[in-house]
Amino acid sequence: MTVLIEILGALLFFALIIVSVLLHECGHFIPAKIFGVKVTEYFAGFGPRIWSTRRGETEYGFKWIPLGGYVKLIGMYPRRVERRRQNRLTRLADEAHEVEAEDIGPGDDGRIFSDKPVWQRLVIMSGGILTNLLLAFLIFWAVFGIYGRTGQTTTVAAVQECVIAADRTDQTCRTGDPETPARQMGLRGGDTIVSFNGHAISSWDQLSDLIRANRDRPAALVVERNGQRVSLPVADTRLNQVADRLDPGKTVEAGFLGFSPDTEIIHSGPLDTAEQMWTMSKQALYALVRLPVLTWNVAADMVTGQARDLNSPMSIVGASRMAGDVAGDRELGIGDKVAIGGSLLGSLNLFLFWLNVVPLPPMDGGHIAGAVYESIKRAIWRLRGKGDPGPADTAMMLPVAWAIGVAMVLMGVVLIVADIVSPVKIL
Numbered sequence: 017m018t019v020l021i022e023i024l025g026a027l028l029f030f031a032l033i034i035v036s037v038l039l040h041e042c043g044h045f046i047p048a049k050i051f052g053v054k055v056t057e058y059f060a061g062f063g064p065r066i067w068s069t070r071r072g073e074t075e076y077g078f079k080w081i082p083l084g085g086y087v088k089l090i091g092m093y094p095r096r097v098e099r100r101r102q103n104r105l106t107r108l109a110d111e112a113h114e115v116e117a118e119d120i121g122p123g124d125d126g127r128i129f130s131d132k133p134v135w136q137r138l139v140i141m142s143g144g145i146l147t148n149l150l151l152a153f154l155i156f157w158a159v160f161g162i163y164g165r166t167g168q169t170t171t172v173a174a175v176q177e178c179v180i181a182a183d184r185t186d187q188t189c190r191t192g193d194p195e196t197p198a199r200q201m202g203l204r205g206g207d208t209i210v211s212f213n214g215h216a217i218s219s220w221d222q223l224s225d226l227i228r229a230n231r232d233r234p235a236a237l238v239v240e241r242n243g244q245r246v247s248l249p250v251a252d253t254r255l256n257q258v259a260d261r262l263d264p265g266k267t268v269e270a271g272f273l274g275f276s277p278d279t280e281i282i283h284s285g286p287l288d289t290a291e292q293m294w295t296m297s298k299q300a301l302y303a304l305v306r307l308p309v310l311t312w313n314v315a316a317d318m319v320t321g322q323a324r325d326l327n328s329p330m331s332i333v334g335a336s337r338m339a340g341d342v343a344g345d346r347e348l349g350i351g352d353k354v355a356i357g358g359s360l361l362g363s364l365n366l367f368l369f370w371l372n373v374v375p376l377p378p379m380d381g382g383h384i385a386g387a388v389y390e391s392i393k394r395a396i397w398r399l400r401g402k403g404d405p406g407p408a409d410t411a412m413m414l415p416v417a418w419a420i421g422v423a424m425v426l427m428g429v430v431l432i433v434a435d436i437v438s439p440v441k442i443l
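The sequence shown: position 207 = 223 (the numbering used here), numbered continuously.
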């Protein structure tokens, strides 16, 4: 029965990913239709068709490779481009123009994407990524607002006895391990830290930043204990390897005090949700920049038989499998399962937002960058008293689009294989 629940949970999550993809494409499709752009296809997946139907000029359907989706907007590359000279790159771009011209009929004047004003193209191309951002916000707001999120407080839960590096496998004290500064000060469980080196403390994040930045310098704490404020003896914080904020899977050298904070359940409103999403966004951007390296590490660990890093990147197969594991866990209640699954789906939409913001083709951000470049170029030419330079030929970026496309396919294949052979386990 558990296996069946895991399979159903994974399939349900995968279906929700497909819904997210379709909504992303809808973010392009609706404004394109509003502005009169010719749209011939609206599909989830790639490759051969599973099923499709035609409504007017647009074919809707599903394809066999469920790794994304697309809408086909006619005329993504400009029709009229003047060439001063010919080379291999311009010939490649001209071939792309010729292929696109095959879908342009005699009655399509005024309906070509590249002929539309820049502001309309920006609305169309940003519609998809903004849909992912809105979905992420709504999902996280629902999870944090209804179920709540775990937040760390400035109250001490426990004091560590000795200084142990975060990357040390054995987390028990050994002979020779130095005493923690918190223990030297006499910090106790239940104390609430109200001041650090004269700075009034209002949140755990603020306190944690101050401790890290203090490195190995003196630290003076004022705590609230049994309703009274107590100034503790001064002690130097220690340099130690602590978890990196942007990449929890690695450590950095920073100040260390030696206590664990108490936690509480926070029911978030929209502002707190936005703050949490900004923190997650910084982590997502850091992971995105390092995605090739992280994927290489996943492949190396898989080949050498090393355990999968909990913070390693996953494909949609891995995310669905993780959702299935959550669904089949007997120790979790329905609310816990929905909250964890919702957080996974929200994280996926947030990552898709930042992935598509990248200002390079074939991502949406590449088309946005092309439209912005065209607008800036035309403005400069007007200021210099020159004529219209014409549209920006985004087809000249085809080699970049192909290179990035091939890299993403290769990384996707590696992660899918790893998610099958050595999946990430959070439970």
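Built from N, CA and C at the ideal position, the CB exists for glycine as well.
Annotation: Val374 is outside any beta strand (DSSP E) and is labelled neither H nor E by DSSP. Taking the Cβ atoms as the reference, Ala235 lies roughly 6 angstroms from Ala251, within the contact range of under 8 angstroms. Between the segment 72 to 88 and the segment 31 to 46, the count of C-beta pairs closer than 8 angstroms reaches three or more; the two stretches touch. Inter-segment contact for the segment 155 to 166 and the segment 292 to 299 is present: three or more beta-carbon pairs are separated by less than 8 angstroms.
By DSSP's assignment, His215 forms a beta bridge with Phe212. By DSSP's assignment, Leu89 forms a beta bridge with Val55. The C-alpha of Met201 lies about 6 angstroms from the C-alpha of Leu248. Straight across, the Cα-Cα distance linking Leu146 with Ala173 is about 40 angstroms. Remark: C-beta atoms of Ala26 and Ala323 do not approach each other more closely than 8 angstroms.
Assignment of Ser247 by DSSP, reduced to helix, strand and coil, places it in the strand class. Under DSSP, Cys178 shares a beta bridge with Glu195.
The DSSP-derived three-state label of Gly84 is strand. Note that the C-beta distance between Ile281 and Gly164 is below 8 angstroms. As for any alpha helix (DSSP H) of minimum length 4 sitting wholly inside the segment 316 to 393, the runs are 332 to 344, 350 to 373, ordered along the chain. Check the Cα spacing between Tyr58 and each of Arg241, Ser211, Lys79: the tightest is with Lys79. For Gly25, the enclosing alpha helix (DSSP H) begins and ends at 18 to 50. For Phe153, the enclosing alpha helix (DSSP H) stretches over residues 134 to 158. For Gly144, the CB contacts under 7 angstroms within the same chain, skipping 5 residues up- and downstream, are His40, Glu41, Gly43, His44, Asn372, Asp380 in chain order.
Residue nearest to Gly72 within the set Ile66, Thr56, Arg65, Phe62 is Thr56 (criterion: CA-CA distance). Per DSSP, the beta-bridge partners of Lys79 are Arg65. By a beta-carbon distance limit of 8 angstroms, Ala48 contacts Leu89. Their separation comes to about 6 angstroms.
In the DSSP assignment, Ser276 falls outside any alpha helix (DSSP H) and lies within the beta strand (DSSP E) extending over 275 to 282.
Taking C-beta separations shorter than 7 angstroms and ignoring five residues to either side along the sequence, the partners of Lys132 in its chain run Phe51, Val53, following chain order. Rounded to whole angstroms, Arg199 and Val175 show a C-alpha spacing of 7 angstroms. In the displayed model, Ala229 falls within a helix according to three-state DSSP.
Proximity to Ala109 across Pro286, Ser284, Leu414 peaks at Leu414, based on C-alpha coordinates. Counting only the Cα atoms, His113 lies some 10 angstroms from Thr410. Contact between Ile442 and Leu326 is confirmed by a C-beta separation of about 7 angstroms, below the 8 angstroms threshold.
If you check the CB distance, Thr253 and Phe275 do not come in under 8 angstroms. Comparing alpha-carbon positions, the option among Pro329, Tyr93, Ser142 lying closest to Pro439 turns out to be Pro329. Spatial neighbours of Leu304 in its own chain (CB-CB distance under 8 angstroms, excluding positions within 5 residues in sequence) are listed in chain order as Phe367, Trp370, Leu371, Val374. The distance from the Cβ of Ala434 to that of Ala335 is about 13 angstroms, inconsistent with a contact at the 8 angstroms cut-off. In chain order, Thr166, Gly167, Gln168, Thr169, Ala173 place their CB closer than 8 angstroms to the CB of Thr279, counting only its own chain and leaving out the 5 sequence neighbours on each side. Residue pairing for Leu237: DSSP places it in a beta bridge opposite Phe212. Between the C-alpha atoms of Val342 and Arg261 there is a straight-line separation of about 25 angstroms.
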